[in-house]
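Engineer: Quick one: this structure, given as structure tokens, is what I'll be asking you about.
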Amino acid sequence: MRESKQYSRRQLFTHFARQPIESPPRLLISNTCDNLYGYCESCVDVCPEQAILWLADKKPTIDVAKCRHCKRCIDACFINAITINE
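Just so it is clear: in the sequence shown, position 56 is 56 by our numbering, and no numbers are missing.
Shown next as structure tokens:
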């Protein structure tokens, strides 16, 4: 025999009435980025919002507040170091 679960009214209304919050996809730059070993700014040059910050001898970082997920940086990266985490 299966046990039945009992929920309070508050649990019913708050748990089932709320829609799950969907976080937007995030762009990730892997450690295979050529900027770590040389010089490449192809993703920075393509970004219309200038959301990618380039630092010498480090992998670029993405400013999530500026990023509009246009995915141009993914197309510009010739070694596929930028991916989307959904």
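We put the beta carbon where it would ideally sit given N, CA and C, even for glycine.
Does the Cβ of cysteine 40 have 16 or more other Cβ atoms within 10 Å, making it buried, or fewer, making it exposed?
Structural biologist: The residue in question, cysteine 40, is buried, as its Cβ has 16 or more Cβ neighbours within 10 Å.
Engineer: Are the CB atoms of isoleucine 84 and isoleucine 74 nearer to each other than 9 Å?
Structural biologist: Cβ distance < 9 Å, so isoleucine 84 and isoleucine 74 count as in contact.
Engineer: Please identify the residue among Leu28, Ser23, Lys71 whose C-alpha is closest to the C-alpha of proline 60.
Structural biologist: Cα-wise, what sits closest to proline 60 is Leu28.
Engineer: For glutamate 49, collect the residues of the same chain with a Cβ closer than 6 Å to its Cβ; drop the 5 residues on either side in sequence, then sort them by chain order.
Structural biologist: These residues qualify, in order along the chain: Lys66, Arg68.
Engineer: Do aspartate 34 and alanine 76 have their beta-carbon atoms positioned less than 9 Å apart in this structure?
Structural biologist: No; because the gap between Cβ atoms is not below 9 Å, this pair is not in contact.
Engineer: With a 10 Å radius around its C-beta and 16 neighbouring C-beta atoms as the bar for buried, classify tyrosine 70 as buried or exposed.
Structural biologist: First, the amino acid is wrong: residue 70 is cysteine here, not tyrosine. By the 10 Å Cβ count, cysteine 70 comes out exposed.
Engineer: Helix, strand or coil for proline 35 per DSSP?
Structural biologist: According to the sequence displayed, residue 35 carries asparagine and not proline. If DSSP states are grouped into helix, strand and coil, asparagine 35 belongs with the helices.
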